[in-house]
Each structure stands twice: as structure tokens, then as C-alpha cells.
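One structure is given below, encoded as C-alpha cells.
There are 2 protein chains.
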Amino acid sequence: MPRWKPDARERLVEAALDLFTEQGYDETTVAQIAERAELTRSTFFRHFSDKRELLSAGQEMLSALLAEGILAAPDAATPLEAVAAGLDRAAGAMTEFNRGLGPRMHAAIEANEELRARNAMKSIGLAAAMAEALQQRGASEAAARVAAELGVLAFGMGYRRWSDPERDGEAGELVTYTREAFAELRAAAAELR
Amino acid sequence: MPRWKPDARERLVEAALDLFTEQGYDETTVAQIAERAELTRSTFFRHFSDKRELLSAGQEMLSALLAEGILAAPDAATPLEAVAAGLDRAAGAMTEFNRGLGPRMHAAIEANEELRARNAMKSIGLAAAMAEALQQRGASEAAARVAAELGVLAFGMGYRRWSDPERDGEAGELVTYTREAFAELRAAAAELR
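Line by line, the protein sequences are chains C and Z.
Okay, so the first sequence: first residue is 4 according to this note's numbering, each after it adds one.
Okay, so the second sequence: first residue is 4 according to this note's numbering, each after it adds one.
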């Protein structure tokens, strides 16, 4: 029996992250990514239009999941309950593959200024997507922006704790971690004076 | 009498922003910036080590002012009162030059992906500087991060309203706008359910 092998898309993302960490984002070519993943360039282009899209595809998916969850929350849900629904939707879609990626993504980002900048845009894009969905539900701009920032902070904190390679024992589901982080942040926000 | 002329540093920033908008950040050289500002390259290098520093110098100054204001707040100040002190300190240091820069900075950022990414890093850097100062004052990590995000949102909202070229009449002081925005966001945060 062959060992389980991740599908082509996952192998491309892993290969790209390794190369970004080793030699930098700018210096890495599509040909190198395909070669490292033991795939052809044409397989790369069946999954991604270019190197940049390889990173932004995940962000767009995440923004879409958060917004979907917020919009699908019951009409009676408050802004924070709607954000909680968005976090559940997005966290529920993350797999062990995403968990394993966390530390390597972190290392690649730390090592490269362009990736740090792209990661910063990602956070801002997530907050904007959530705030827009909340305003569509009738929240004021100020309420939507504050609730969205709490959501982004919660997703980031939960994801970091879930994917922490130093943690002992089983990781469980990401949704457990994002709920815990969101509860902490809500409590902190409620106590702010 | 000659017309009032901004000093060399301000002229370099204005020239750079105009060129970034017209032809892009990547395509703009230090030589072009100096020429547009009617200054020499060596004058440029007396003020900035490179093109990148020209943008980051403002961010570092702003982060430092926000953190200073937070750390200088009375011991009895709550996290939100400390953030308010940070906003007052930073907003109080902004001049008519900064106000005029707002719309051009916005246009340059909209037109260029690298500048959008740098601007995103700037927001994250401001939040990190404020959160760190709040934690130094004894705030919990969660409280510090939430209060810092409110501060970043307030500074951004206040600055945009203050520098809006469509606004009628006198702009007044930035501090009026950041206080108003911070009050709105605090009220929204307090009402979140």
C-alpha cells in the first residue's frame, strides 16, 4: 500500500511554502514549485493562475466562508452572534492539512517582507469582508467594524493555538479554539473602560 | 515676498507621492523624486536612507507617538483612557501638511498593490505598538488587543474625515476628529451583543 499522498493542490502549496522559506518569495518560480511538488508546470496552472494566486486563493476562500456564515445566521442574531456563526463556518472548513501548514506559513512570513505585507493585507481583507456582511445585516458601520475586528483577532488567536507545534497531545478541532478565543475577546471588550 | 515653501523633507514626500501615483512605486527612483522636488540626491539622502524609508519614517513616528501617549497616561487611566491619550498625542502632532497629504496618499495607495500592502502593514504595526504599550501598563493581552484595534480604527476614521477634500469649510484640528471617531467606536463596542 502506498502512503497517503496529499492531492496536487495541497502538494503545490506545501512545496511553495518550503521554497518561499528557503529562498524567498521573489526568487521562487512556478517551475521550481512544480518540480519540488513532483508535478508538471501544466498541473500547477490547472490549479492556480500564478504564484501570487497560490497565496490569495486561500484568503479569498476564508473571506467568503466568514461572510457566508455571517449572512446565514438567523435574522435575530446580534452582530457578535453573527460573527460567531462566521467563525464556526470558516473554522469548520479547516482540515489537518491547514493545521500542518500553520507553522510553515508563519516561518515563511517571518522570513520575507513581501509575505509579511501580503499577510497584513489578508487580515485587513478578512475584516472588510466581515464588516460588509454585518452591514448587509443592518449593523451600523461602527458596530460592524468593531465586531469584525474581534472576529479577525479571534480567528488568528484560535488558529495559532490550534496549529502550535509545541502543544502537547491532540489538537482537536479548530472550531474549539476559535470559540474559546472569541469568548476571551468578547469578555475583554465587555470589560473595557 | 516669496510664497511659503515647505521644507526639504516635506517637498520630498510630496514629490514621491505624486510620482508613485503617476507611475507606480516600483518604477520611481530616488533621482526622480529629488528632481521633482527640485533638490539634489544628496539632500534626499540627508533625510532618508532610501525610497522605502520615506514611507516608513512616518509610520514609525506615528507608532512612537501613540505608544508614548499611552505610556504617559496617569497610572489610574483605564485601557481606553490610555488609548485616548495616545490618540491625542499622535493627532496633536499632525499639521496642515499631513492633512493635505491624506487624499494624495489615499490615491497613491489605491493605485499600487505594493503600497496597499505597505499600508496594511502600517495598520498592523500601529495596533501592535499600542497593544504592547497597554500590556506594559498591565492590561491583559485580550484587553490590550481589543483596545488597540479600537484606537487604530479611530485614528483612521478621524484622519479620513479630517483630510476629506470634499468637506465644506474649516477642517479644524485632527484631534477633534479622532476624539469623535473614538467616542463612536467606544459606544458601538459597549452596545455590542
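Where is the CB? At the ideal position from N, CA and C, for every residue including glycine.
Keep in mind that this is a model prediction, so the values were computed, not measured.
### Assumed close pair ALA157 (chain Z), THR181 (chain Z) - CB separation to whole angstroms, cut-off 8 angstroms
Contact flag correct, Cβ pair sits at about 6 angstroms.
### Query
Should PRO168 (chain C) be flagged as near chain Z, meaning a C-beta pair shorter than 9 angstroms?
With a threshold of 9 angstroms between beta carbons, PRO168 (chain C) makes no contact with chain Z.
#### Entry: Residue closest to ARG14 (chain C), alpha-carbon to alpha-carbon, out of C:GLU187, C:ALA150, C:LEU57
Considering only alpha carbons, the answer is C:LEU57.
### Task
Out of Z:PHE23, Z:ARG164, Z:ARG12, Z:ALA150, state which residue places its alpha-carbon closest to the alpha-carbon of GLU116 (chain Z).
GLU116 (chain Z) has its Cα closest to that of Z:PHE23, out of Z:PHE23, Z:ARG164, Z:ARG12, Z:ALA150.
### For LEU42 (chain Z), the three-state DSSP class (helix, strand or coil)
Look at LEU42 (chain Z) here: in three-state DSSP terms it is coil, with no helix or strand label.
### Query
Over what stretch of residues does the alpha helix (DSSP H) that includes THR179 (chain C) continue unbroken?
THR179 (chain C): member of the alpha helix (DSSP H) spanning 177–194, first to last residue.
#### Entry: Close-in-space but distant-in-sequence residues of the same chain around ILE112 (chain C) (CB under 7 angstroms, 5 per side omitted)
If the five residues before and after ILE112 (chain C) are omitted, its C-beta is found closer than 7 angstroms to the C-beta atoms of LEU118, ARG119, ASN122, all from its own chain and listed in chain order.
### Query
For the segment 120–141 of chain C, which residues have a CB atom closer than 7 angstroms to at least one CB atom of chain Z, in sequence order?
So the close ones are ALA120, ARG121, ALA123, MET124, SER126, ILE127.
### Query
For THR24 (chain Z), does the three-state DSSP call read helix, strand or coil?
The three-state reading of DSSP puts THR24 (chain Z) in helix, counting H, G and I together.
### Query
Helix, strand or coil: which one does DSSP assign to ASN208 (chain Z)?
Given a span of 4 to 196 for chain Z in the structure shown, any question on residue 208 (chain Z) remains unanswerable.
### CB of ALA87 (chain Z) within 9 angstroms of CB of PHE185 (chain Z), strictly
With contacts defined by Cβ atoms closer than 9 angstroms, ALA87 (chain Z) and PHE185 (chain Z) form a contacting pair.
### Query
Beta carbon of ARG92 (chain C), beta carbon of ALA75 (chain C): below 9 angstroms?
Yes. Within cutoff.
### Query
Helix or strand or just coil, what does DSSP make of ALA18 (chain Z)?
Of the three classes helix, strand and coil, the one that applies to ALA18 (chain Z) here is helix, per DSSP.
### Query
Do PRO82 (chain Z) and ALA147 (chain Z) have their C-beta atoms closer together than 9 angstroms?
For the pair PRO82 (chain Z) and ALA147 (chain Z), the CB atoms are nearer than the 9 angstroms cut-off.
### Task
Determine the chain Z residues that contact GLU187 (chain C) at a beta-carbon separation under 7 angstroms, and present them in chain order.
Going along chain Z in sequence order, the residues near GLU187 (chain C) (Cβ under 7 angstroms) are ALA145.
### Message
So, for PRO5 (chain C): in the same chain, excluding its five sequence neighbours on each side, which residues have a beta-carbon less than 7 angstroms away from its beta-carbon?
### Response
Note that PRO5 (chain C) has pLDDT 45, beneath the 50 cutoff, so the model's placement of it is unreliable and the number below is only indicative. By the criterion of a C-beta distance shorter than 7 angstroms, PRO5 (chain C) is surrounded by no residue of its chain, once the five residues flanking it on both sides are discounted.
### Task
Quick one: list the residues of chain C neighbouring ALA82 (chain Z), beta-carbon separation under 8 angstroms, in chain order.
According to the sequence shown, residue 82 (chain Z) is Pro rather than Ala. By Cβ distance, chain C contributes LEU195, ARG196.
### Query
Excluding the five sequence neighbours on either side, which residues of its own chain have a C-beta within less than 6 angstroms of the C-beta of ALA136 (chain C), listed in chain order?
Excluding sequence neighbours, ALA136 (chain C) sits near ALA70, ILE73, LEU74.
### Rounded C-alpha distance that separates GLY159 (chain C) from ALA174 (chain C)
Taking the straight line joining both Cα atoms gives about 16 angstroms.
### Cutoff 9 angstroms: MET4 (chain Z) Cβ touching any chain C Cβ
With a pLDDT of 43 at MET4 (chain Z), under the threshold of 50, the modelled position of that residue is not reliable, and no figure is offered here.
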